[in-house]
Amino acid sequence: MRRLLCLFVVFIIALSCGSKRDKAQGLLETKINDYLGRQLAIPDKIKTYNAFNRIILDSLEISISNYKIYSYVDASCPTCIKSTNKWDSLTVEFVEFNVPIILILESADNFESLKYYCESGGIKNFSYPFFLDMEGQFFMKNAEFMNEHKHFETVLTNRENEILMFGNPIHSEAIKESYLKYLAKNAKK
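Below is the structure:
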């Protein structure tokens with residue numbers, strides 16, 4: 001009888017955990033659907049920083065691209081800065097669809113860490129200019145969804161900066177494949 005009671009309790013706990021997980025998943029899907037199609041807010045005071053000579057597109061060409069990948073990077077965080085090397089390795093796959101990777105960096109140290117890593121070779125030749133958010137407005141203006149989850153700090157947009165997809169392709173192969181599949185279907189090469 002005691003064994004049956006324990007089994008029943010475990011069953012009830014498992015059901016309640018599954019229910020919470022399903023509710024959380026449903027809530028996340030609802031939030032994603034709410035944010036898709038919204039326009040990404042781009043601050044007025046963004047400076048470009050061309051740390052390397054190997055730039056594929058300049059900031060004007062980037063601004064008129066049909067599709068863009070925006071990602072927020074905390075430039076005060078050395079690990080976050082070094083992630084640009086992963087982004088550069090993805091450049092080849094996205095350049096096929098003329099999709100620039102726009103890293104918008106915010107810094108508490110006046111971008112000194114970024115400059116150090118660029119000059120010391122900690123960051124390899126990134127193919128696009130860095131976009132420096134001097135007043136920390138990018139994250140603040142988009143905090144409604146960026147605060148939800150780390151994956152929401154990276155988005156695929158159209159020319160008008162309407163959000164088409166969420167997720168960071170350097171952290172998830174599935175997200176990268178979703179982006180590439182979407183672009184293969186919709187972008188002109």
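Take 1 as the starting number for the sequence shown in my numbering and just add one per residue.
Glycine included, C-beta positions come from ideal geometry on N, C-alpha and C.
Given the structure is predicted, the values throughout are model-derived calculations rather than measurements.
Residue i burial status per 10 Å Cβ neighbour count (16 or more: buried)
{"i": "Ala184", "result": "exposed"}
{"i": "Asn147", "result": "exposed"}
{"i": "Glu162", "result": "exposed"}
{"i": "Val92", "result": "exposed"}
{"i": "Glu106", "result": "buried"}
{"i": "Thr195", "result": "Nothing about residue 195 can be read from this structure; the chain reaches only from 1 to 189."}
{"i": "Ala75", "result": "buried"}
{"i": "Asp109", "result": "exposed"}
{"i": "Asn186", "result": "exposed"}
{"i": "Pro78", "result": "exposed"}
Same chain, Cβ closer than 7 Å to residue i, neighbours up to 5 away in sequence not counted
{"i": "Leu180", "result": "Glu93"}
{"i": "Arg54", "result": "Asn125, Ser127"}
{"i": "Leu5", "result": "Because the pLDDT of Leu5 is 44, which lies under 50, any placement of that residue in the model is unreliable, and the number read from its coordinates should be weighed accordingly. If we look at Leu5 and ignore the five residues flanking it on each side, it has no Cβ neighbours."}
{"i": "Tyr49", "result": "Pro129, Phe130, Leu132"}
{"i": "Lys86", "result": "Ile170"}
{"i": "Phe139", "result": "Tyr72, Glu106, Met146"}
{"i": "Lys47", "result": "Leu132, Met134"}
Cβ neighbours of residue i in the same chain (closer than 6 Å, five flanking residues each side left out)
{"i": "Gln137", "result": "Pro43"}
{"i": "Gly37", "result": "Glu162"}
{"i": "Ala24", "result": "With a pLDDT of 47 at Ala24, under the threshold of 50, the modelled position of this residue cannot be trusted; read the value that follows with caution. Excluding sequence neighbours, Ala24 sits near nothing in its chain."}
{"i": "Phe145", "result": "Tyr35, Phe152"}
{"i": "Lys45", "result": "Met134, Glu135"}
Presumed contact (8 Å Cβ cut-off) between residue i and residue j, rounded CB distance
{"i": "Ile123", "j": "Tyr70", "result": "So it is not a contact: roughly 19 Å between Cβ atoms."}
{"i": "Leu90", "j": "Lys150", "result": "So it is not a contact: roughly 17 Å between Cβ atoms."}
{"i": "Ala51", "j": "Lys141", "result": "So it is not a contact: roughly 25 Å between Cβ atoms."}
{"i": "Ile64", "j": "Ser113", "result": "Actually they are not in contact, since the Cβ atoms of Ile64 and Ser113 sit about 31 Å apart, beyond 8 Å."}
{"i": "Glu160", "j": "Gln39", "result": "7 Å"}
{"i": "Val73", "j": "Ser83", "result": "7 Å"}
{"i": "Asn66", "j": "Asn158", "result": "7 Å"}
Sequence-distant residues of the same chain with beta carbon closer than 8 Å to residue i, five excluded per side
{"i": "Ile102", "result": "Ile62, Lys68, Ile69, Tyr70, Ser71, Tyr128, Phe131"}
{"i": "Tyr182", "result": "Leu156, Leu164, Met165"}
{"i": "Tyr116", "result": "Gly122"}
{"i": "Phe111", "result": "Tyr49, Ala75, Leu105, Leu132"}
Under 8 Å: do the segment 127 to 143 and the segment 166 to 180 share three or more Cβ pairs, one atom per stretch? no
Ordered list of beta strand (DSSP E) runs contained in the segment 89 to 116, each at least 3 residues: Fully enclosed beta strand (DSSP E) runs of 3 or longer: 101 to 106.
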